[in-house]
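These notes are about the structure you will find just below.
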């Protein structure tokens, strides 16, 4: 009878704890997850500051009148850059909230449901961030190279400082998009390991 | 002894088959997955055709010379539209391959590993498609509205047909991006149901 109890007890233990090696691996990935979220916060905040401070005024001389007209350039001039600012803002807030949430709740909150919900949000934010990066990048490219077919002149030869700000912000947004895809992959891997 | 065997057998059966209700639900989601992939194929193919046929030549009169100069507009004029074409091409191929693969292999191939890999690819393609949509959308918006600050004139008043093609293609790409995010969500849900 003792053998019986031991055996059925063992079986019950196996049923109650189906994937013991996962939790160790999950811990490691959870650390990478929090670190990536902290990095995402830093990158989006930097992108936000760089974009918001993209402002330059250039004096264009008007030979006929003998005066110089100030022509300012700021990120608000293009809807694509406003979209990028909004995307960076919400992603920055999202990364802060999820990183703090993960740190406060610890490993107790890393249930399958929470990982699934985080994965959905990561995918959504990755898509929004990627589209904003593409949109601002497309406009910035015209500013840098111009388009002879449509006679859109490049402006970066005159507005060098402004363009450096915009370019840096687009680059940081690209990094943020890649981090979000990585975060989605990490969460997907966590779910995958639990499902095996 | 017979009772013992029955009990341990029952426990073993529970351990071997941890989530019996999942497979039925998975079948339903797998059908939605294939249907969405077929829709994705149709949408990206339509977007591809509409973008590739975006070509219009407008005659601009030159009053001084008394002649009209033909000015063609085609999607190759902007790197953003070339990027969109490439993104639509690879997504179209990807949707075809995965839809056919799912149909041929049936439910036997829907292992956790395959779902995980498909989820990763879906997220990657969603990000690429979203960035291409944003990029082309940003340039198309300048073509439609112009930008008075940088003196980029709108061209859609002259090239109406060309702009309709580009606009339709960008809209179809947006639909494709949303479908890819939905596919990622469905695969994530499959993994989540298996992990419970």
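Chains as they are written, first to last, in full-length UniProt numbering: chain F, 1 to 196; chain H, 1 to 196.
Quick reminder that beta carbons are idealized off the backbone N, C-alpha and C, glycines included.
Counting C-beta pairs with one atom in each stretch, the stretch 60-79 of chain H and the stretch 119-132 of chain F have fewer than three that are closer than 8 Å, which means they do not touch.
Beta-bridge annotation (DSSP): residue 62/F is paired with 67/F.
Look at residue 54/H here: in three-state DSSP terms it is coil, with no helix or strand label. Look at the beta carbons and you see the stretch 95-111 of chain H not touching the stretch 101-121 of chain F: under three pairs across the two are nearer than 8 Å.
CA-CA distance, residue 71/H to residue 159/H, rounds to 10 Å. As the crow flies, the alpha-carbon of residue 96/H is around 20 Å from that of residue 113/H. Chain-ordered, the chain H residues with CB closer than 7 Å to the CB of residue 79/F read 141.
For residue 193/H, the closest alpha carbon among the candidates 186/F, 157/F, 117/F is that of 117/F. Chain F places no beta carbon closer than 7 Å to that of residue 158/H, leaving this residue out of the contacts. Proximity of residue 149/H to chain F, defined by a Cβ-Cβ separation below 7 Å, is satisfied. Nearest CB-CB separation between residue 87/F and chain H: not below the 7 Å threshold. Within the DSSP secondary-structure output, residue 147/F pairs in a beta bridge with 152/F. According to DSSP, residue pairing for residue 79/F in a beta bridge does not occur. In this model, residue 172/F and residue 68/H are separated by some 46 Å (Cα to Cα).
Identification of residues in the stretch 168-192 of chain H having a C-beta nearer than 9 Å to some C-beta of chain F yields 174, 177, 178, 180, 181, 184, 185, 187, 188, 189, 190, 191, 192, given in sequence order. Residue 56/F and residue 32/F have their C-alpha atoms some 39 Å from each other. Going by DSSP, residue 110/F is part of no alpha helix (DSSP H) at all; its letter is neither H nor E.
The Cβ atoms of residue 169/F and residue 51/F sit closer than 7 Å to each other.
Rounded to whole angstroms, the separation of the alpha carbons of residue 142/H and residue 156/H is 9 Å. If you compare the alpha carbons of 182/F, 37/F, 153/F, 188/F with that of residue 101/F, the shortest gap goes to 37/F. Shortest Cα-Cα distance from residue 48/H to any of 121/H, 153/H, 93/H, 180/H involves 93/H. Relative to residue 185/F, the option among 119/H, 138/H, 66/H, 58/H whose CA is nearest is 119/H.
Judged by DSSP in its simplified three-state form, residue 127/H adopts helix. Among the bridge pairs identified by DSSP, residue 73/F is matched with 56/F.
One finds 195 in chain F with Cβ atoms closer than 7 Å to the Cβ of residue 194/H, taken in chain order. Contact of residue 133/H with chain F is assigned, a C-beta pair being separated by under 7 Å.
7 Å or more divides the Cβ of residue 179/H from the Cβ of residue 84/H. Against chain F, the CB of residue 84/H has no partner CB under 7 Å away; the residue lies outside that interface. Close to residue 155/F, with beta-carbon spacing below 7 Å, are these residues of chain H in chain order: 150. Identification of residues in the stretch 49-77 of chain H having a C-beta nearer than 8 Å to some C-beta of chain F yields 73, 77, given in sequence order. Around the C-beta of residue 66/H, fewer than 16 other C-beta atoms lie within 10 Å, and the residue is accordingly described as exposed. A Cβ-Cβ separation of about 7 Å places residue 126/F in contact with residue 123/H under the 8 Å criterion. Spanning the alpha carbons of residue 35/F and residue 144/F requires a straight line of approximately 34 Å.
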